[in-house]
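Everything on this sheet refers to the single structure shown next.
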Amino acid sequence: MDDPYGIRPNQRSGTPEPLSAAGIRPGGEPRDRATGTLWVVLAVCVGLNAVFSIVKPDDVLFSLVFGIPAVLCLVMLVARYLGRRRS
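Numbers 58 to 144, taken from my numbering, label the letters of the sequence shown in order.
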């Protein structure tokens, strides 16, 4: 029986069995570092954009410098998500 959620009875009491090998999620997919990096870059860009919007509300340059990369990261994340859904 295939057990994708890792719900297994313990063979020895007090010692849980590992759900998966290191670097692999329970679904069998390897961890994707690029997606994690995109999320971090998106969060940093959005945060800096918000800070500079408060500090210098009339300066469009800072809004563009941090807004455009944030939008590009968001587009890449959506494209990666849709690509994984279709495969």
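Beta carbons are placed, not taken as given, at the ideal position from N, Cα and C, and that holds for glycine.
In this structure the region 129-136 does not touch the region 111-120; the number of beta carbon pairs closer than 8 Å is below three. Our two residues, V135 and K113, have alpha carbons roughly 30 Å apart in a direct line. Look at S120 here: in three-state DSSP terms it is helix.
For P114, the secondary structure class from DSSP, reduced to helix, strand or coil, is coil. Between the C-alpha atoms of G93 and L139 there is a straight-line separation of about 16 Å.
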